[in-house]
Amino acid sequence: PANDLAIELYDDAKTCCAREISWIRLEICVAETMGTIAVGSNNWYIDWVKHKCAKDCEGSAPCGGVASAYAELYDTSSDCCKILNVDDKKCTL
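Per the working numbering, residue 217 is the first one in the sequence shown, and the count goes up by one each step.
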């Protein structure tokens, strides 16, 4: 039990992350809370260094590694490429 009764306790990391740390992607918050390694979502994010869209996964292109905890994710490469205003064929890793 908590010494400070003003601190809300949660049954699981997922609920805690969703309610208290909502600015960090849920799967990353849960992994860090549980001491495990986050895996990618297979969605797409913008790699601002390369100015291209990358898939949130480990491995060869189009995977760009696991996206940062603060990265905005997109369902498709086309959705991601629209943000960069670049043709889909030139936009991805």
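All C-beta atoms, glycine included, are put in the ideal place defined by N, C-alpha and C.
Residues bridged to residue 268 by DSSP?
Residue mapping note: residue 268 aligns to position 52 of the sequence shown, counting from 1. In DSSP, residue 268 forms a bridge with 263.
Go to residue 246, then tell me how far its alpha helix (DSSP H) extends in each direction, as first and last residue.
Working through the sequence shown from its first residue, we reach residue 246 at position 30. Residue 246 -> alpha helix (DSSP H) spans 242-250.
According to the Cβ coordinates, are residue 283 and residue 261 closer than 7 Å?
Position 67 of the sequence shown, counted from the start, is the residue given in the question as residue 283. Position 45 of the sequence shown, counted from the start, is the residue given in the question as residue 261. In contact: residue 283 and residue 261 (Cβ atoms closer than 7 Å).
Tell me which residues share the same chain as residue 274 and place their Cβ nearer than 8 Å to its Cβ, disregarding the 5 neighbours each side in the sequence.
Within the sequence shown, numbered from 1, the residue matching residue 274 stands at position 58. So the list reads 255, 256, 281 and 282, once near-sequence residues are dropped.
Near residue 291, what residues of its chain come up, given a Cβ to Cβ distance below 7 Å and the 5 sequence neighbours on each side ignored?
As a position in the sequence shown, residue 291 is number 75, starting the count at 1. Correct list, in chain order: 259.
On the premise that residue 304 lies in contact with residue 294, defined as a C-beta separation below 8 Å, what is that separation, rounded to the nearest angstrom?
If you number the sequence shown from 1, residue 294 lands on position 78. If you number the sequence shown from 1, residue 304 lands on position 88. Sure, about 6 Å apart at Cβ, within 8 Å.
Please report how far the alpha carbon of residue 221 lies from the alpha carbon of residue 288, in whole angstroms.
In the sequence shown, counting from the first residue as 1, residue 221 sits at position 5. In the sequence shown, counting from the first residue as 1, residue 288 sits at position 72. Between residue 221 and residue 288, the C-alpha separation is close to 35 Å.
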